[in-house]
Amino acid sequence: MLVKNVKGFAMFLNMPEFRDVGFFDESFFIYFEEIDLCKRLIDCHKKIYLVPNIKINHVGARSHTKTIDKAMELSRNWHWMWSTFYYHKKHKGFFISFLIVLPKLGSAIFKGILYALLLNREKKEIYYHRYSGLINAIMGKSSWYRPKV
Numbered sequence: 029m030l031v032k033n034v035k036g037f038a039m040f041l042n043m044p045e046f047r048d049v050g051f052f053d054e055s056f057f058i059y060f061e062e063i064d065l066c067k068r069l070i071d072c073h074k075k076i077y078l079v080p081n082i083k084i085n086h087v088g089a090r091s092h093t094k095t096i097d098k099a100m101e102l103s104r105n106w107h108w109m110w111s112t113f114y115y116h117k118k119h120k121g122f123f124i125s126f127l128i129v130l131p132k133l134g135s136a137i138f139k140g141i142l143y144a145l146l147l148n149r150e151k152k153e154i155y156y157h158r159y160s161g162l163i164n165a166i167m168g169k170s171s172w173y174r175p176k177v
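Numbering-wise (this note's numbering), the sequence shown opens with residue 29 and increments by one.
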């Protein structure tokens with residue numbers, strides 16, 4: 029069955045087709061890299077197939093021990109927001125991308141302030157990282173953040 033994208037953990041690649049679109053965009057650290065690749069394939073009139081009878085059991089968030097869960101959660105929030113803006117900017121331009129992420133930016137600011145007032149440090153840090161990831165992407169900075177482990 030033809031589809032518009034597949035998840036990266038379940039990709040099987042036809043290397044000549046893959047080479048034609050330039051492999052993965054190395055600006056992405058994590059998140060959206062496979063969606064970007066699939067969009068570029070579709071834009072070049074390539075086909076993406078999903079084979080429904082192949083079952084893949086992807087166990088997410090198992091690449092680390094529980095001791096670094098907090099650091100990984102902060103990293104995930106930062107990179108998800110950075111990659112969201114970068115992907116949309118790459119394919120739709122700065123202005124449209126800004127409009128797309130504006131509600132997320134407002135939410136991160138509001139919730140960061142709310143959790144700071146409620147003295148919930150853990151939630152405040154999560155929303156700060158979301159805000160920081162978006163601001164860094166909007167400012168055109170690279171995906172620089174790495175978890176402190």
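A virtual CB, placed ideally from N, CA and C, is assigned to each residue, including glycine.
Keep in mind that this is a model prediction, so the values were computed, not measured.
Quick one, are the C-beta atoms of residue i and residue j less than 8 Å apart?
| i | j | result |
| --- | --- | --- |
| residue 171 | residue 107 | yes |
| residue 56 | residue 64 | yes |
| residue 105 | residue 154 | yes |
| residue 123 | residue 162 | no |
| residue 36 | residue 54 | no |
| residue 34 | residue 78 | yes |
| residue 100 | residue 44 | no |
| residue 109 | residue 132 | yes |
Which residue wins for smallest C-alpha separation from residue i, given the options the options?
| i | options | result |
| --- | --- | --- |
| residue 138 | 173, 152, 127, 128 | 152 |
| residue 177 | 168, 41, 97, 59 | 97 |
| residue 39 | 73, 141, 83 | 83 |
| residue 49 | 102, 71, 174 | 71 |
| residue 166 | 147, 121, 142 | 121 |
Identify every residue that forms a DSSP beta bridge with residue i.
| i | result |
| --- | --- |
| residue 82 | Looking at the DSSP assignment, residue 82 forms no beta bridge with any residue, so it has no partner. |
| residue 76 | 31 |
For residue i, verify whether its CB is less than 7 Å away from any heavy atom of the ligand MN.
| i | result |
| --- | --- |
| residue 65 | Ligands in the displayed structure: none, and consequently the ligand MN is not present. |
So residue i and residue j are in contact, right, with Cβ under 8 Å, and what is the actual spacing, rounded?
| i | j | result |
| --- | --- | --- |
| residue 111 | residue 59 | 4 Å |
| residue 30 | residue 76 | 7 Å |
| residue 116 | residue 67 | Their Cβ separation, rounded to whole angstroms, is 11 Å, which puts residue 116 and residue 67 out of contact at 8 Å. |
| residue 173 | residue 125 | With a Cβ gap of about 19 Å, residue 173 and residue 125 do not count as contacting. |
| residue 156 | residue 134 | That pair is no contact at about 14 Å. |
> Taking only runs of the alpha helix (DSSP H) that begin and end inside the region 105 to 175, which ones reach a length of at least 4 residues, in chain order?
Replying inline: 122 to 145, 149 to 166
> In the region 29 to 58, which residue ranges form an unbroken alpha helix (DSSP H) of at least 4 residues, counting only runs that do not cross its ends?
Replying inline: 43 to 48
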